[in-house]
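Colleague: Okay, handing you the structure first.
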Amino acid sequence: MFRTHIKLERSAEEERAKLAGLAGDEYDAQWRRWREASKEVQAAVTAHAEASGASRYELEQAVKKAVRHAQEDPAVE
Numbered sequence: 004m005f006r007t008h009i010k011l012e013r014s015a016e017e018e019r020a021k022l023a024g025l026a027g028d029e030y031d032a033q034w035r036r037w038r039e040a041s042k043e044v045q046a047a048v049t050a051h052a053e054a055s056g057a058s059r060y061e062l063e064q065a066v067k068k069a070v071r072h073a074q075e076d077p078a079v080e
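Residue numbering for the sequence shown is 4 to 80, as defined by our numbering.
What follows is the structure, given as structure tokens:
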């Protein structure tokens with residue numbers, strides 16, 4: 004399940020990165036895509052935390068950390 008959260012977070016980060024250089028309607032449309040991707044991450048993390056009794060905050064931080072480290076290391080997928 005944790006892999007799914009990482010994939011969702013990575014997808015959200017990719018959508019966020021696409022905001023660079025956009026303006027006007029293009030920016031607004033991309034912002035909405037980023038927002039939807041972020042909402043999916045939040046929903047998955049919340050559901051996992053509730054089902055497992057884990058700390059939602061700690062789970063979210065672990066997912067974000069895993070994505071950041073994977074981006075720093077090109078050998079990690």
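The beta carbon of each residue, even a glycine, is placed where N, CA and C say it ideally should be.
(1) Would you mind stating whether E12 and V70 have Cβ atoms separated by less than 8 angstroms?
(2) Using C-beta distances below 8 angstroms, list every residue in its chain close to H8, excluding the 5 sequence neighbours before and after it, in chain order.
(3) Using C-beta distances below 6 angstroms, list every residue in its chain close to R19, excluding the 5 sequence neighbours before and after it, in chain order.
(4) Looking at the secondary structure, which residues open and close the alpha helix (DSSP H) in which G27 lies?
(5) Given a threshold of 16 other Cβ atoms within 10 Å of its Cβ, counted over all protein chains shown, does A32 qualify as buried or as exposed?
(6) Could you give the distance in angstroms between the alpha-carbon of A57 and the alpha-carbon of S14?
Modeller: Looking at the atomic coordinates:
(1) yes
(2) V44, A47, V48, H51, L62, V66
(3) W37
(4) 27-55
(5) exposed
(6) 23 angstroms
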